[in-house]
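According to the numbering used here, the first sequence holds residues 298 to 561 in order.
Glycine included, each C-beta is placed from N, C-alpha and C at the ideal position.
Remember, predicted model here, so these are calculated numbers, not experimental data.
The structure under discussion appears below in the form of structure tokens.
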Amino acid sequence: MRIATWNINSVRMRMELLLRLIDEAQPDVICLQETKVVDADFPFAPLAEKGFTHAHVHGMKSYNGVAILAKQPFVSRDVQHWCNKQDCRHAIAELPGGIELHSVYIPAGGDIPDPEQNDKFAHKLQFVDEMTEWWATKRSPERRMVMVGDLNIAPLEHDVWSHKELLKIVSHTPIEVEKLTAMQSSIGWVDAVRHFVPPDQKLYTWWSYRAKDWAASDRGRRLDHVWVTPPLKDSLKGYQILRDARGWEPKPSDHVPVIVDLDV
DNA sequence: ATGGTGGTGGAACCA
């Protein structure tokens, strides 16, 4: 089973690129973040033509929005809310074979890395704390689960272009890394991409729109992740980070798709 | 220290 996750930054703006991802990467399941569309307006038809006849969408006007697209029917579907908000950041679907798949969009957190000064940063930290507690109390490490999405945190030194320069930049601050690591430890999540790539090797999934030449400066961060629970660790068969997608015409997302293959 | 770009929606907000 090939699972792709992509912060698409508006599914309507980038439908042609989503169809290109399907043609070129041949995923079985696609998780999206930042769809930026209410469910009634989600563009189901072109996806159905490509075989993705099942869609679990959870969107809102203008902001956020997550989705899970599949060729096979879901066993069940659900959504989860965090921090007493209804902001469409977490969709859940059980796939045939008993794998529970989570498409997650953690808040970006604003610019100032201080929860006292910046409500958005406080929201981000609380979001991760709540989710950590939820995994620990509502889910078992024995369960076959895959969690993917834009976690908006780059936890390792080589998940950013410069560890030293980004220590005070939201997405790579010690408090965020500590909280994300705690979430990972909650039920023994395995970082599926780092399972294949040693920690001293640079990996990025996001490059800012604001760079003059994103590829030349290559100031990226690994914000998009695929985690699996221990029972699926031995099923991990490969990964791809579609760096080229950062240059896809006419208008690329600032994130690229991350793909993991599971032998299940 | 600043500003750089993009999506939504038609100003201001978010990333």
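Contact annotation: I403 and V425 have beta-carbon atoms nearer than 8 Å.
According to DSSP, residue pairing for H387 in a beta bridge involves V401.
In the DSSP assignment, V474 forms no beta bridge with any residue. The stretch 412-425 and the stretch 338-357 do not touch, with fewer than 3 CB-CB distances between them shorter than 8 Å. DSSP links H522 through a beta bridge to G446. By the neighbour-count definition (other C-beta atoms within 10 Å, threshold 16), Q323 is an exposed residue. Taking 8 Å as the cut-off, the beta carbon of I484 is found closer than this to the beta carbon of W432. Residue pairing by DSSP places S373 opposite E391 in a beta bridge.
With 16 or more other Cβ atoms inside 10 Å of its own Cβ, K333 counts as buried.
Annotation for H351: the continuous beta strand (DSSP E) segment containing it runs H351 to H355. When DSSP states are grouped into helix, strand and coil, R299 belongs to the strand group.
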